[in-house]
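Numbering (the numbering used here), first residue to last: 150 to 231. For each residue, glycine too, the CB sits at the ideal point set by N, CA and C.
Structure (structure tokens):
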């Protein structure tokens with residue numbers, strides 16, 4: 150048996166790998182600064198402003214009972230392991 154090649158193969162160069170890494174993030178800094186500024190300057194008379202103030206105060210408060218409970222469960226788990 151003999152292998153016969155009747156036509157030339159076309160040369161295809163390998164694609165050049167390009168890395169697309171950016172360090173700026175998804176949103177540009179100008180847009181972020183505009184959003185932060187408008188968020189901080191939202192009027193307290195609007196419904197959005199009232200809701201956001203309430204949410205911010207809820208997230209800033211620490212529930213001490215929950216923190217103590219979590220720490221005690223963690224300590225008991227550590228003691229049980231050793």
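How many angstroms separate the CA atom of residue 215 from the CA atom of residue 225? Within the chain shown, the letter at position 66 stands for residue 215. Within the chain shown, the letter at position 76 stands for residue 225. Roughly 15 angstroms separates the two Cα atoms.
Cα-Cα separation, residue 196 to residue 229: For the purposes of this step, residue 196 is taken as the residue at position 47 of the chain shown. For the purposes of this step, residue 229 is taken as the residue at position 80 of the chain shown. Whole-angstrom Cα-Cα distance: 50 angstroms.
Rounded to whole angstroms, what is the Cα-Cα separation between residue 203 and residue 182? Taking the chain shown and counting its residues from 1, one reaches residue 203 at position 54. Taking the chain shown and counting its residues from 1, one reaches residue 182 at position 33. Computed Cα separation, rounded: 22 angstroms.
Taking the straight line between their C-alpha atoms, what separation do you get for residue 178 and residue 212? Stepping through the chain shown from its first residue, residue 178 is reached at position 29. Stepping through the chain shown from its first residue, residue 212 is reached at position 63. Answer to the nearest angstrom: the Cα atoms are 34 angstroms apart.
Less than 9 angstroms between the C-beta atoms of residue 188 and residue 201, yes or no? The residue you call residue 188 lines up with position 39 of the chain shown. The residue you call residue 201 lines up with position 52 of the chain shown. Yes, Cβ-Cβ distance for residue 188 and residue 201 is below 9 angstroms.
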